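Encoded as structure tokens, the structure appears first; notes follow it.
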Amino acid sequence: MAMIDVRDLRKVYGPKTVVDGVSFSVQPGEIFGILGPNGAGKTTTVECIGGLRRRDGGSISVAGMDPAGEGKAFREALGIQLQESRLPEKQTVAEALQLYSSFYSRPRDWRELIERLGLGAQARTAFGKLSGGQKQRLSVALALIGNPKVAILDELTTGLDPTARREVWGLLEDLKGTGVTLLLVSHFMEEAERLCDRVAVIDRGRVVALDTPADLAAGVQADQRMSFIPSGRIDTVALQQLPDVHQVSSTGERVQVTGTDNVASAVIIALHEHGVAVRKLRVDQPNLDDAFVAITRNAEADAAAAQPIPDQSTAAAALPGGHR
Amino acid sequence: MSAMTAMIKSEGKLLVRNPGVMVWSTILPLAATIILAAIPGVWAPSDDLGGLSFFEVYRPVLVMFVLAILAMQVLPDVLTRYREMGVLKRLRTTPVAPGLLLFAQLALTLLVAVVCLVLMLVIPTLIGAEPPQNLPAFIVAYLLGGWSFLGVGMLIASLFRNAKVAAGFGTLVFFVMQFFAGLWIQRPLMPGWLRTVSDYTPGGAATAALTDAGSGQWPQLLHMAVMAGWGIVTSLLAIRLFKWE
Chain A
1 MAMIDVRDLR KVYGPKTVVD GVSFSVQPGE IFGILGPNGA GKTTTVECIG GLRRRDGGSI
61 SVAGMDPAGE GKAFREALGI QLQESRLPEK QTVAEALQLY SSFYSRPRDW RELIERLGLG
121 AQARTAFGKL SGGQKQRLSV ALALIGNPKV AILDELTTGL DPTARREVWG LLEDLKGTGV
181 TLLLVSHFME EAERLCDRVA VIDRGRVVAL DTPADLAAGV QADQRMSFIP SGRIDTVALQ
241 QLPDVHQVSS TGERVQVTGT DNVASAVIIA LHEHGVAVRK LRVDQPNLDD AFVAITRNAE
301 ADAAAAQPIP DQSTAAAALP GGHR
Chain B
1 MSAMTAMIKS EGKLLVRNPG VMVWSTILPL AATIILAAIP GVWAPSDDLG GLSFFEVYRP
61 VLVMFVLAIL AMQVLPDVLT RYREMGVLKR LRTTPVAPGL LLFAQLALTL LVAVVCLVLM
121 LVIPTLIGAE PPQNLPAFIV AYLLGGWSFL GVGMLIASLF RNAKVAAGFG TLVFFVMQFF
181 AGLWIQRPLM PGWLRTVSDY TPGGAATAAL TDAGSGQWPQ LLHMAVMAGW GIVTSLLAIR
241 LFKWE
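So the sequences go chain by chain: A and B.
Heads up: the first sequence is residues 1 to 324, going by UniProt numbering.
Heads up: the second sequence is residues 1 to 245, going by UniProt numbering.
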């Protein structure tokens, strides 16, 4: 049986439909990512799942319970780390964990948790004096203190520097296989790639892709990107007309070209014919980030096709055979 | 440890770690009461004060001063900051209701205030001051006054989203309240019309009721009704308007 089951979830704010028929299910012990651009409806979706917002349609079941009931048993089974939620500046790490553990009937041992999250040395440090990464680890600790079956972690690493981000990721990797089901909200593809078993990409309140991170990247035909410094003047219009080229642009003397898998050789040959050499060449393979951009752009194009808005055609043209 | 005890303990620790608040709200009025009681002559009945002594007139003001600061300045500041910081929302994600935090704050405020009250009654008595003549009436008046003050404070916490605005407004209300309570012009010295206005404010009614109790009478029904009225109205409004996030 699924640990989290969401069917056709809808949430409306005034005239705006923020969540428009989201469905997915998460298996016990799975780390499930919810990705999407800002304002896509990710937080609203998880807040409905967490029983913090009333849904306007659809059904949700978390560990067999309906969050709309919002009973004590539901709160015992679910831990939530909220986006941008702070603690009193002068409360210490140990005090916060002790206080929150008193709220649950079967809490985890906070001393063990503090060590596990690498906060042992900060037990007596006030919240206001913690680093960003330490604050986030404490936030994760508070979501796990009640020994929940499911933990929702919302934008855990947003605003952290790369070191702190890796620190938090390391912690979540350690949690893999401890049996707790994690629902991770993010807008970092790298985060999902590293941590998640499966990922749902949400855009404009809809699930536009749902797969493992690897299959998601493989399924998208994103553009290849190349950039170089030409040895002489080049004709960008002629370059643009090559069949393998989608877009040509330049910053300073460096020229960027995007196109199909063959774009690099096609451009180099064409320039060679005009006696122009290519220096400092760089070619980038599409990665998960590109997949994310392609998926969400594609959804945008679909929306544009449904209700014609000018200016969206470039996005569709740049992304042939996008993924659904 | 139950969630309630843990919460009160935790909030208590945080309050004590804010020494500015503690000094201003408790130590200052406490010291003022003790020093005042030790000055010779404050006991002499004065015709200007309607036959009451200066100490009798001023003690109620100082007693309510503690509650006024805690209820109108500290309480709205703490609660609006907790809301801004998402502490109240985080509590919603746990099995305890966020109302527990409100309850803990109220309990803590009352606890600090009552400890101060006891010290403000006992210490001057030890150095020779007379305790309130009608103690039951004094306690009833104090609790009713406390209710109206806490209600006003909770209403401020409910009305304002921004912690700085709430704290600023709380300070303003505090000074207005203390003015009518007679911190600067004692109630017997107020012109008749001003005293009438004062009668209908929580601060003025509380001071009047405590002064009556101090000299052995039961407070006037008017003052008791004013305090209860403010208590009921502000509490109902606060409950209706309070937002968790």
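Cβ atoms here follow ideal geometry from the backbone N, Cα and C, with glycine treated the same way.
If you're wondering where the values come from, they're calculated on a predicted model, not measured in any experiment.
The beta carbon of residue 120(B) sits closer than 7 Å to the beta carbons of 30, 33, 62 and 63 from its chain, once the five residues preceding and following it are set aside; these are given in chain order.
Rounded to whole angstroms, residue 38(A) and residue 296(A) show a C-alpha spacing of 11 Å. In this chain, the alpha helix (DSSP H) harbouring residue 136(A) covers 132-144. Rounded to whole angstroms, the gap between the alpha carbons of residue 115(A) and residue 248(A) is 53 Å. At a cut-off of 7 Å between C-beta atoms, residue 86(A) counts as an interface residue with respect to chain B. Contact check for residue 49(B) and residue 57(B): beta-carbon distance about 5 Å, within the 8 Å limit, so the pair qualifies. Per DSSP, reduced to three states, the secondary structure at residue 161(B) is coil, with no helix or strand assignment. Contact of residue 155(A) with chain B by beta-carbon distance below 7 Å is absent, the smallest such distance being about 13 Å.
According to the DSSP assignment, residue 235(A) belongs to no beta strand (DSSP E), since it is labelled neither H nor E.
Non-local beta-carbon contacts of residue 133(B) in its own chain, meaning distances under 7 Å to residues more than five positions away in sequence, involve 214, 215 and 216 in chain order. Proximity of chain A to residue 164(B) at the Cβ level (cut-off 8 Å) is not reached, the minimal Cβ distance being about 15 Å. Among the CB atoms of chain A, one or more fall inside 7 Å of the CB of residue 17(B).
Under DSSP, residue 72(B) shares a beta bridge with no residue.
Residues of the stretch 84-108 of chain B with a C-beta less than 9 Å from any C-beta of chain A: 84, 85, 86, 87, 89, 90, 91, 92, 93, 94, 95, 96 and 100, listed in chain order. With the criterion set as a beta carbon lying under 8 Å from some beta carbon of chain B, the members of the stretch 85-116 of chain A are 85, 86, 87, 88, 90, 91, 95, 98, 99, 100, 102, 103, 104 and 105, in sequence order. For residue 114(B), the uninterrupted alpha helix (DSSP H) segment begins and ends at 99-126.
Around the beta-carbon of residue 283(A), fewer than 16 other beta-carbon atoms lie within 10 Å, marking it exposed. The beta carbons of residue 76(A) and residue 146(A) sit about 6 Å from each other, so the pair counts as a contact at 8 Å. Sixteen is the threshold: when 16 or more other Cβ atoms of the shown chains lie within 10 Å of the Cβ of residue 234(B), as they do, the residue is buried. Residues 231 of the same chain have their beta carbon placed closer than 7 Å to that of residue 277(A), with the five preceding and five following residues left out of the count.
With contact defined as three or more Cβ pairs closer than 8 Å, the stretch 163-170 of chain B and the stretch 18-28 of chain B are not in contact.
Between the stretch 28-47 of chain A and the stretch 175-195 of chain A, the count of Cβ pairs shorter than 8 Å is three or higher; the stretches touch.
Secondary structure note for residue 20(B): its alpha helix (DSSP H) is the uninterrupted segment 19-22. Residue state for residue 13(A) is assigned as strand, using DSSP reduced to three classes. Residue range 198-203 is occupied by the beta strand (DSSP E) that includes residue 201(A). Of the residues 2(A), 33(A) and 54(A), the one whose Cα lies closest to the Cα of residue 9(A) is 54(A). Fewer than three beta-carbon pairs drawn from the stretch 85-94 of chain A and the stretch 38-47 of chain A are found closer than 8 Å, and the two stretches are therefore not classed as touching. For secondary structure counted as the beta strand (DSSP E) over 3 or more consecutive residues, the stretch 52-81 of chain A holds these complete runs in sequence order: 57-62 and 78-81. No Cβ of chain A is located within less than 7 Å of the beta carbon of residue 235(B). In this chain, the alpha helix (DSSP H) harbouring residue 45(A) covers 42-49.
Take residue 91(A), set aside five residues on each side of it, and the residues of its chain with a beta-carbon closer than 7 Å to its own are 126 and 127, in chain order. CA-to-CA, the gap between residue 154(A) and residue 139(A) works out to about 10 Å. Residue 95(B) is bridged by DSSP to nothing; it lacks a bridge partner. Listed by position along chain B, the residues whose Cβ is nearer than 7 Å to that of residue 135(A) form an empty set, because the closest Cβ is around 12 Å away. With fewer than 16 other beta carbons inside 10 angstroms of its own, residue 13(A) counts as exposed.
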